[in-house]
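First comes the structure, then the notes that go with it.
Residue numbers (this note's numbering): 80 to 506.
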(Lines of atoms letter the chains of each structure in order from A; the text may use other names.)
(Lines give C-alpha, C1' and ligand atoms only; values in the text may rest on other atoms or scores of the structure.)
Protein backbone atom coordinates (compact mmCIF):
# COMPACT_ATOMS: atom_id res chain seq x y z
CA UNK A 80 0.00 0.00 0.00
CA UNK A 81 1.32 3.44 -0.96
CA UNK A 82 1.67 5.46 2.22
CA UNK A 83 2.75 8.68 0.50
CA UNK A 84 0.74 11.69 1.74
CA UNK A 85 -1.36 9.46 4.02
CA UNK A 86 -2.33 10.59 7.50
CA UNK A 87 -1.89 8.48 10.63
CA UNK A 88 -3.59 9.39 13.91
CA UNK A 89 -2.05 7.74 16.95
CA UNK A 90 -2.25 8.07 20.71
CA UNK A 91 0.42 7.66 23.36
CA UNK A 92 -0.81 6.25 26.64
CA UNK A 93 0.37 4.49 29.77
CA UNK A 94 0.94 5.26 33.43
CA UNK A 95 2.29 8.40 35.10
CA UNK A 96 5.94 9.18 34.28
CA UNK A 97 6.28 6.39 31.72
CA UNK A 98 7.70 9.04 29.37
CA UNK A 99 4.86 9.74 26.95
CA UNK A 100 5.50 13.47 26.58
CA UNK A 101 9.26 12.93 26.36
CA UNK A 102 8.73 10.35 23.61
CA UNK A 103 6.67 12.74 21.51
CA UNK A 104 9.20 15.50 22.14
CA UNK A 105 11.95 13.17 20.93
CA UNK A 106 9.96 12.30 17.79
CA UNK A 107 9.46 15.99 17.01
CA UNK A 108 13.05 16.89 17.86
CA UNK A 109 14.75 14.10 15.91
CA UNK A 110 12.45 14.53 12.91
CA UNK A 111 13.39 18.24 12.93
CA UNK A 112 9.83 19.55 13.10
CA UNK A 113 10.29 21.96 16.03
CA UNK A 114 10.20 25.69 15.34
CA UNK A 115 13.25 27.56 16.59
CA UNK A 116 11.23 29.88 18.87
CA UNK A 117 9.53 26.89 20.48
CA UNK A 118 12.88 25.23 21.04
CA UNK A 119 14.27 28.41 22.61
CA UNK A 120 11.29 28.60 24.96
CA UNK A 121 11.65 25.07 26.29
CA UNK A 122 15.42 25.53 26.60
CA UNK A 123 14.76 28.49 28.91
CA UNK A 124 12.20 26.53 30.95
CA UNK A 125 14.60 23.59 31.24
CA UNK A 126 17.35 25.93 32.45
CA UNK A 127 15.03 27.41 35.09
CA UNK A 128 14.42 23.89 36.37
CA UNK A 129 18.15 23.39 36.78
CA UNK A 130 18.41 20.82 33.99
CA UNK A 131 21.57 20.52 31.92
CA UNK A 132 19.72 19.14 28.87
CA UNK A 133 16.52 20.20 27.10
CA UNK A 134 13.39 18.70 28.67
CA UNK A 135 11.60 17.49 25.52
CA UNK A 136 8.39 16.69 27.44
CA UNK A 137 7.71 20.44 27.55
CA UNK A 138 6.87 20.35 23.84
CA UNK A 139 3.55 18.68 24.63
CA UNK A 140 2.85 19.88 28.16
CA UNK A 141 1.32 23.12 26.96
CA UNK A 142 -0.68 24.17 30.01
CA UNK A 143 1.09 26.26 32.62
CA UNK A 144 -0.07 23.85 35.34
CA UNK A 145 1.45 20.96 33.39
CA UNK A 146 4.81 22.66 33.04
CA UNK A 147 4.87 23.62 36.70
CA UNK A 148 3.96 20.12 37.93
CA UNK A 149 5.82 18.18 35.26
CA UNK A 150 2.73 16.12 34.39
CA UNK A 151 0.22 15.91 31.53
CA UNK A 152 -3.33 16.95 32.43
CA UNK A 153 -5.12 17.58 29.15
CA UNK A 154 -4.78 15.76 25.84
CA UNK A 155 -2.10 17.50 23.78
CA UNK A 156 -2.31 17.22 19.99
CA UNK A 157 0.82 17.66 17.93
CA UNK A 158 1.43 17.44 14.21
CA UNK A 159 4.50 16.46 12.25
CA UNK A 160 5.35 14.98 8.91
CA UNK A 161 8.03 12.99 7.15
CA UNK A 162 8.65 12.62 3.42
CA UNK A 163 6.43 9.54 3.63
CA UNK A 164 3.34 10.68 5.53
CA UNK A 165 1.71 13.10 7.98
CA UNK A 166 0.94 12.41 11.64
CA UNK A 167 -1.44 13.65 14.32
CA UNK A 168 -0.27 12.66 17.80
CA UNK A 169 -2.50 12.69 20.87
CA UNK A 170 -0.53 12.72 24.11
CA UNK A 171 -2.95 11.48 26.77
CA UNK A 172 -2.51 11.97 30.54
CA UNK A 173 -1.40 9.04 32.67
CA UNK A 174 -3.10 9.97 35.94
CA UNK A 175 -6.19 7.91 36.73
CA UNK A 176 -8.37 10.98 37.33
CA UNK A 177 -7.75 12.08 33.73
CA UNK A 178 -8.69 8.74 32.14
CA UNK A 179 -11.72 10.44 30.55
CA UNK A 180 -9.33 12.68 28.58
CA UNK A 181 -7.66 9.56 27.21
CA UNK A 182 -11.03 8.24 25.96
CA UNK A 183 -11.51 11.40 23.92
CA UNK A 184 -8.11 11.01 22.26
CA UNK A 185 -8.49 7.28 21.57
CA UNK A 186 -11.90 7.64 19.92
CA UNK A 187 -10.34 8.88 16.65
CA UNK A 188 -6.96 7.10 16.81
CA UNK A 189 -5.86 4.47 14.31
CA UNK A 190 -2.96 3.21 16.44
CA UNK A 191 -1.91 3.25 20.09
CA UNK A 192 1.56 3.44 21.60
CA UNK A 193 1.46 1.90 25.07
CA UNK A 194 4.46 3.06 27.09
CA UNK A 195 5.82 0.94 29.94
CA UNK A 196 8.58 1.99 32.32
CA UNK A 197 11.21 -0.77 32.14
CA UNK A 198 11.85 -0.42 35.90
CA UNK A 199 8.19 -0.65 36.96
CA UNK A 200 6.68 -3.02 34.42
CA UNK A 201 2.92 -3.24 33.84
CA UNK A 202 0.85 -1.01 36.12
CA UNK A 203 -2.88 -0.40 36.63
CA UNK A 204 -3.02 2.42 34.08
CA UNK A 205 -1.26 0.19 31.55
CA UNK A 206 -4.16 -2.24 31.91
CA UNK A 207 -6.78 0.51 31.85
CA UNK A 208 -5.40 2.18 28.72
CA UNK A 209 -4.95 -1.13 26.91
CA UNK A 210 -8.52 -2.09 27.75
CA UNK A 211 -9.88 1.27 26.62
CA UNK A 212 -7.86 1.20 23.39
CA UNK A 213 -9.30 -2.21 22.50
CA UNK A 214 -12.76 -1.12 23.60
CA UNK A 215 -12.63 1.95 21.34
CA UNK A 216 -11.76 -0.15 18.30
CA UNK A 217 -8.02 0.48 17.91
CA UNK A 218 -6.39 -2.55 16.29
CA UNK A 219 -2.75 -1.45 15.88
CA UNK A 220 -0.60 -1.43 19.03
CA UNK A 221 3.02 -0.51 19.65
CA UNK A 222 4.23 -1.53 23.12
CA UNK A 223 7.21 0.68 23.88
CA UNK A 224 9.29 -0.46 26.86
CA UNK A 225 10.81 2.88 27.76
CA UNK A 226 13.71 3.98 29.99
CA UNK A 227 15.83 1.00 29.00
CA UNK A 228 18.88 3.17 29.81
CA UNK A 229 17.90 2.94 33.49
CA UNK A 230 18.09 -0.88 33.45
CA UNK A 231 21.38 -0.95 31.54
CA UNK A 232 19.59 -1.91 28.30
CA UNK A 233 18.96 -5.38 29.73
CA UNK A 234 17.40 -7.74 27.20
CA UNK A 235 15.89 -10.05 29.85
CA UNK A 236 13.99 -7.16 31.42
CA UNK A 237 12.49 -6.38 28.02
CA UNK A 238 11.62 -10.02 27.30
CA UNK A 239 9.93 -10.40 30.69
CA UNK A 240 7.69 -7.38 30.10
CA UNK A 241 6.81 -8.60 26.61
CA UNK A 242 5.70 -11.96 28.00
CA UNK A 243 3.62 -10.34 30.74
CA UNK A 244 1.96 -7.89 28.35
CA UNK A 245 1.00 -10.60 25.87
CA UNK A 246 -0.80 -12.43 28.67
CA UNK A 247 -2.56 -9.20 29.67
CA UNK A 248 -3.64 -8.46 26.10
CA UNK A 249 -5.05 -11.94 25.59
CA UNK A 250 -6.94 -11.72 28.88
CA UNK A 251 -8.89 -8.67 27.70
CA UNK A 252 -11.86 -10.32 26.04
CA UNK A 253 -13.40 -7.18 24.55
CA UNK A 254 -13.51 -6.98 20.73
CA UNK A 255 -12.01 -10.45 20.32
CA UNK A 256 -13.25 -10.80 16.73
CA UNK A 257 -10.96 -8.01 15.56
CA UNK A 258 -7.55 -8.63 14.02
CA UNK A 259 -4.79 -6.96 16.04
CA UNK A 260 -1.16 -6.19 15.26
CA UNK A 261 1.25 -5.68 18.18
CA UNK A 262 4.85 -4.52 17.87
CA UNK A 263 7.16 -4.60 20.91
CA UNK A 264 10.10 -2.23 21.00
CA UNK A 265 12.73 -1.37 23.67
CA UNK A 266 13.70 2.30 23.78
CA UNK A 267 15.05 5.27 25.66
CA UNK A 268 13.00 8.33 24.78
CA UNK A 269 15.37 10.48 26.82
CA UNK A 270 18.46 9.47 24.87
CA UNK A 271 16.73 8.66 21.59
CA UNK A 272 17.47 4.91 21.40
CA UNK A 273 15.11 3.19 18.93
CA UNK A 274 12.85 6.23 18.51
CA UNK A 275 14.08 7.71 15.22
CA UNK A 276 17.66 6.43 15.33
CA UNK A 277 18.76 2.94 16.38
CA UNK A 278 22.00 3.98 18.14
CA UNK A 279 24.25 1.20 19.46
CA UNK A 280 22.98 0.28 22.91
CA UNK A 281 20.48 -2.45 21.94
CA UNK A 282 22.01 -4.33 19.05
CA UNK A 283 20.30 -7.45 20.43
CA UNK A 284 16.97 -6.03 19.21
CA UNK A 285 16.50 -6.89 15.50
CA UNK A 286 13.23 -5.02 14.91
CA UNK A 287 12.37 -1.60 13.49
CA UNK A 288 12.65 1.73 15.26
CA UNK A 289 9.45 3.41 16.41
CA UNK A 290 9.37 5.78 13.45
CA UNK A 291 9.86 2.90 11.02
CA UNK A 292 6.90 1.08 12.60
CA UNK A 293 4.74 4.21 12.33
CA UNK A 294 5.81 4.76 8.73
CA UNK A 295 4.47 1.32 7.84
CA UNK A 296 1.31 1.36 9.96
CA UNK A 297 -2.03 1.14 8.17
CA UNK A 298 -3.60 4.58 8.02
CA UNK A 299 -6.37 3.86 5.57
CA UNK A 300 -9.79 4.48 7.09
CA UNK A 301 -12.06 1.46 6.71
CA UNK A 302 -15.09 3.77 6.79
CA UNK A 303 -15.07 4.21 3.02
CA UNK A 304 -15.46 0.44 2.63
CA UNK A 305 -18.45 0.23 4.95
CA UNK A 306 -22.13 0.66 4.11
CA UNK A 307 -23.32 4.13 3.10
CA UNK A 308 -24.37 6.21 6.13
CA UNK A 309 -25.27 9.89 5.68
CA UNK A 310 -26.82 11.63 8.71
CA UNK A 311 -28.57 14.79 7.57
CA UNK A 312 -27.36 17.90 9.39
CA UNK A 313 -29.20 20.63 7.52
CA UNK A 314 -31.84 21.06 4.81
CA UNK A 315 -30.57 23.70 2.40
CA UNK A 316 -33.18 26.00 0.82
CA UNK A 317 -31.28 29.06 -0.49
CA UNK A 318 -33.32 32.19 -1.18
CA UNK A 319 -32.46 34.56 -4.00
CA UNK A 320 -35.35 36.21 -5.87
CA UNK A 321 -33.01 37.14 -8.74
CA UNK A 322 -31.86 33.55 -9.30
CA UNK A 323 -34.66 31.42 -10.75
CA UNK A 324 -32.54 28.27 -10.52
CA UNK A 325 -32.72 28.44 -6.72
CA UNK A 326 -36.50 28.68 -6.51
CA UNK A 327 -36.93 24.90 -6.27
CA UNK A 328 -33.45 24.05 -4.97
CA UNK A 329 -33.57 21.67 -1.97
CA UNK A 330 -30.52 19.73 -0.83
CA UNK A 331 -29.48 17.81 2.26
CA UNK A 332 -26.18 18.75 3.86
CA UNK A 333 -24.01 16.57 6.05
CA UNK A 334 -20.94 14.35 6.24
CA UNK A 335 -20.55 10.84 4.89
CA UNK A 336 -19.82 8.94 8.09
CA UNK A 337 -19.10 5.80 6.07
CA UNK A 338 -19.28 4.40 2.57
CA UNK A 339 -19.50 6.19 -0.75
CA UNK A 340 -22.24 7.43 -3.05
CA UNK A 341 -22.49 8.57 -6.67
CA UNK A 342 -25.05 10.24 -8.89
CA UNK A 343 -27.77 7.79 -9.92
CA UNK A 344 -27.48 5.54 -6.87
CA UNK A 345 -30.68 4.45 -5.16
CA UNK A 346 -31.01 5.45 -1.51
CA UNK A 347 -33.42 5.09 1.38
CA UNK A 348 -34.34 7.74 3.93
CA UNK A 349 -34.68 6.64 7.55
CA UNK A 350 -36.79 6.48 9.64
CA UNK A 351 -39.50 7.04 6.96
CA UNK A 352 -38.17 4.24 4.67
CA UNK A 353 -38.94 6.33 1.57
CA UNK A 354 -36.75 5.68 -1.48
CA UNK A 355 -35.24 7.90 -4.16
CA UNK A 356 -32.12 8.30 -6.34
CA UNK A 357 -29.21 10.72 -6.17
CA UNK A 358 -29.73 13.65 -8.57
CA UNK A 359 -26.60 15.66 -7.82
CA UNK A 360 -23.76 15.99 -5.29
CA UNK A 361 -22.09 19.27 -4.35
CA UNK A 362 -18.99 20.25 -2.41
CA UNK A 363 -19.60 23.95 -1.88
CA UNK A 364 -20.69 25.16 -5.32
CA UNK A 365 -18.68 22.47 -7.13
CA UNK A 366 -20.62 19.60 -8.70
CA UNK A 367 -19.04 16.17 -8.25
CA UNK A 368 -20.10 12.74 -9.47
CA UNK A 369 -19.07 10.69 -6.43
CA UNK A 370 -18.48 11.33 -2.72
CA UNK A 371 -16.58 9.19 -0.24
CA UNK A 372 -16.31 9.14 3.57
CA UNK A 373 -15.47 11.42 5.37
CA UNK A 374 -16.35 14.16 2.86
CA UNK A 375 -18.90 16.82 3.80
CA UNK A 376 -21.28 17.30 0.86
CA UNK A 377 -24.72 18.47 -0.19
CA UNK A 378 -27.00 15.89 -1.83
CA UNK A 379 -29.97 16.50 -4.13
CA UNK A 380 -32.61 13.80 -4.71
CA UNK A 381 -34.87 13.16 -7.68
CA UNK A 382 -37.96 12.92 -5.48
CA UNK A 383 -39.55 15.27 -2.97
CA UNK A 384 -39.15 13.41 0.32
CA UNK A 385 -39.85 14.79 3.77
CA UNK A 386 -36.36 14.74 5.31
CA UNK A 387 -35.09 16.81 8.24
CA UNK A 388 -32.08 17.08 10.54
CA UNK A 389 -31.46 13.80 12.37
CA UNK A 390 -32.72 11.61 9.52
CA UNK A 391 -30.27 9.36 7.70
CA UNK A 392 -29.73 8.45 4.04
CA UNK A 393 -28.58 4.84 3.55
CA UNK A 394 -28.38 2.06 1.01
CA UNK A 395 -31.61 0.26 0.10
CA UNK A 396 -30.77 -3.05 1.78
CA UNK A 397 -27.78 -2.68 4.08
CA UNK A 398 -29.39 -0.32 6.58
CA UNK A 399 -28.76 0.49 10.25
CA UNK A 400 -31.19 -0.48 12.99
CA UNK A 401 -33.95 1.93 13.97
CA UNK A 402 -34.12 1.59 17.73
CA UNK A 403 -35.35 3.24 20.92
CA UNK A 404 -33.75 0.70 23.25
CA UNK A 405 -30.17 -0.64 23.25
CA UNK A 406 -27.28 -1.89 25.37
CA UNK A 407 -24.07 0.13 25.50
CA UNK A 408 -20.69 0.37 27.16
CA UNK A 409 -19.98 3.83 28.54
CA UNK A 410 -17.13 5.71 30.15
CA UNK A 411 -18.53 8.13 32.72
CA UNK A 412 -16.80 11.52 32.36
CA UNK A 413 -18.64 13.72 34.84
CA UNK A 414 -17.72 14.56 38.41
CA UNK A 415 -21.40 14.00 39.24
CA UNK A 416 -22.39 10.30 39.45
CA UNK A 417 -25.00 8.90 37.08
CA UNK A 418 -28.54 9.47 38.31
CA UNK A 419 -30.91 6.78 37.02
CA UNK A 420 -33.92 8.92 37.85
CA UNK A 421 -32.83 11.76 35.58
CA UNK A 422 -33.54 12.37 31.93
CA UNK A 423 -30.40 12.90 29.84
CA UNK A 424 -29.84 13.73 26.18
CA UNK A 425 -28.24 11.31 23.73
CA UNK A 426 -26.33 12.92 20.87
CA UNK A 427 -25.85 10.35 18.11
CA UNK A 428 -24.58 11.52 14.69
CA UNK A 429 -26.91 14.48 13.96
CA UNK A 430 -29.75 13.16 16.11
CA UNK A 431 -30.59 14.35 19.63
CA UNK A 432 -33.00 12.31 21.75
CA UNK A 433 -34.09 12.29 25.37
CA UNK A 434 -32.91 9.22 27.26
CA UNK A 435 -33.06 7.40 30.56
CA UNK A 436 -30.65 4.78 31.89
CA UNK A 437 -33.05 1.88 32.36
CA UNK A 438 -30.51 -0.64 33.71
CA UNK A 439 -26.94 -0.84 35.02
CA UNK A 440 -25.62 -4.33 34.33
CA UNK A 441 -22.06 -4.15 35.63
CA UNK A 442 -18.80 -2.22 35.45
CA UNK A 443 -15.24 -3.24 34.68
CA UNK A 444 -12.61 -3.75 37.35
CA UNK A 445 -9.44 -2.83 35.45
CA UNK A 446 -7.25 -4.43 38.11
CA UNK A 447 -8.70 -7.89 37.46
CA UNK A 448 -10.19 -7.22 33.99
CA UNK A 449 -13.46 -8.75 35.18
CA UNK A 450 -17.03 -7.49 35.45
CA UNK A 451 -18.37 -6.61 38.88
CA UNK A 452 -21.87 -5.78 40.04
CA UNK A 453 -22.67 -2.07 40.23
CA UNK A 454 -25.56 0.07 41.37
CA UNK A 455 -23.90 3.41 40.66
CA UNK A 456 -21.51 4.87 38.09
CA UNK A 457 -18.92 7.52 38.96
CA UNK A 458 -16.08 9.40 37.27
CA UNK A 459 -13.90 7.22 34.98
CA UNK A 460 -16.07 4.13 35.52
CA UNK A 461 -16.48 1.86 32.50
CA UNK A 462 -19.92 0.27 32.69
CA UNK A 463 -22.42 -1.75 30.69
CA UNK A 464 -25.88 -0.25 30.72
CA UNK A 465 -29.22 -0.23 28.92
CA UNK A 466 -30.65 2.99 27.50
CA UNK A 467 -34.26 3.82 26.65
CA UNK A 468 -34.93 6.70 24.21
CA UNK A 469 -37.93 8.92 23.64
CA UNK A 470 -37.18 9.14 19.89
CA UNK A 471 -35.56 6.46 17.71
CA UNK A 472 -32.00 6.63 16.37
CA UNK A 473 -30.49 4.93 13.32
CA UNK A 474 -27.42 3.05 14.53
CA UNK A 475 -25.01 0.17 14.05
CA UNK A 476 -23.06 -1.82 16.60
CA UNK A 477 -19.85 0.04 17.44
CA UNK A 478 -17.45 -2.62 16.18
CA UNK A 479 -19.31 -2.70 12.86
CA UNK A 480 -19.19 1.07 12.42
CA UNK A 481 -17.40 3.37 14.89
CA UNK A 482 -19.21 6.47 13.60
CA UNK A 483 -22.82 5.28 13.80
CA UNK A 484 -22.16 3.07 16.83
CA UNK A 485 -20.91 5.83 19.14
CA UNK A 486 -22.70 8.55 21.07
CA UNK A 487 -22.34 10.97 23.96
CA UNK A 488 -24.64 11.57 26.93
CA UNK A 489 -25.33 15.19 27.83
CA UNK A 490 -26.75 16.66 31.03
CA UNK A 491 -29.89 18.44 29.86
CA UNK A 492 -29.70 21.10 32.57
CA UNK A 493 -26.05 22.14 32.11
CA UNK A 494 -25.31 20.92 28.56
CA UNK A 495 -22.15 19.27 29.92
CA UNK A 496 -21.01 16.03 28.32
CA UNK A 497 -21.23 13.41 31.08
CA UNK A 498 -20.41 10.17 29.24
CA UNK A 499 -19.18 8.68 25.97
CA UNK A 500 -20.70 5.42 24.82
CA UNK A 501 -20.45 2.56 22.37
CA UNK A 502 -23.51 0.64 21.22
CA UNK A 503 -22.93 -3.11 21.54
CA UNK A 504 -26.38 -4.67 21.34
CA UNK A 505 -29.35 -3.37 19.36
CA UNK A 506 -32.90 -4.70 19.54
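Using N, Cα and C, we set each Cβ at its ideal position, and we do this for glycine too.
Model, not experiment: these values are computed from the prediction.
Item	Value
Scan the region 452-501 and note each continuous beta strand (DSSP E) run of 3 residues or more that stays entirely inside, going in chain order.	461-474 and 485-490
Do you know whose CA, among 293, 360, 477 and 453, lies nearest residue 335's CA?	360
Going straight from the alpha carbon of residue 256 to that of residue 414, what length do you get?	34 angstroms
Return the chain-ordered ranges of every alpha helix (DSSP H) run that is complete within the region 219-257 and spans a minimum of 4 residues.	234-250
When DSSP labels each residue in this structure, what does residue 504 get in the three-state scheme?	strand
Going along the chain, which residues of its own chain have a beta-carbon closer than 7 angstroms to the beta-carbon of residue 268, five neighbours each way excluded?	98, 101, 102, 105, 225 and 274
To which residues of the same chain is residue 148 closer than 8 angstroms at the C-beta, ignoring the five residues directly before and after it?	Low confidence applies to residue 148: its pLDDT is 41, below 50, so where it sits in the model is not reliable, and the reading given next is rough at best. Excluding positions up to five away in sequence, the list is empty.
Determine the extent of the beta strand (DSSP E) in which residue 393 is found, giving its start and end residues.	391-393
Taking the straight line between their C-alpha atoms, what separation do you get for residue 489 and residue 201?	34 angstroms
If I measure Cβ to Cβ from residue 362 and keep anything under 8 angstroms in the same chain, skipping five residues before and after, which residues do I get?	370, 374, 375, 376 and 377
Are the Cβ atoms of residue 462 and residue 453 separated by less than 8 angstroms?	yes
Evaluate the contact criterion for the region 412-429 versus the region 483-499: three or more CB pairs, one atom per stretch, below 8 angstroms.	yes
Can you list, in chain order, the residues of its chain whose CB lies under 6 angstroms from that of residue 302, leaving out five sequence neighbours each side?	337 and 372
Around the Cβ of residue 492, are there at least 16 other Cβ atoms within 10 angstroms (buried) or fewer (exposed)?	exposed
So, does the CB of residue 296 fall closer than 8 angstroms to a CB anywhere in chain D?	Among the chains of the structure shown, chain D does not appear; only one protein chain is present.
Return the first residue and the last residue of the beta strand (DSSP E) that residue 334 is part of.	330-334
Just to confirm, is the Cβ distance from residue 240 to residue 197 under 8 angstroms?	yes
How should residue 395 be labelled, buried or exposed, when 16 other C-beta atoms within 10 angstroms of its C-beta is the threshold for buried?	exposed
When the distance is taken between beta carbons, is residue 185 closer than 8 angstroms to residue 90?	yes
Based on the DSSP output, what are the partners of residue 103 in its beta bridges?	In DSSP, residue 103 forms no bridge with anything.
May I ask you to verify whether the region 201-210 touches the region 272-289, counting CB pairs closer than 8 angstroms and requiring at least 3?	no
For residue 386 versus residue 330, is the C-beta distance shorter than 8 angstroms?	no
Can you tell me whether residue 404 is buried or exposed, with buried defined as 16 or more other CB within 10 angstroms of its CB?	exposed
Out of curiosity, what's the CA-to-CA distance linking residue 252 and residue 215?	13 angstroms
With respect to the beta strand (DSSP E) encompassing residue 408, which residues constitute its N-terminal and C-terminal limits?	400-411
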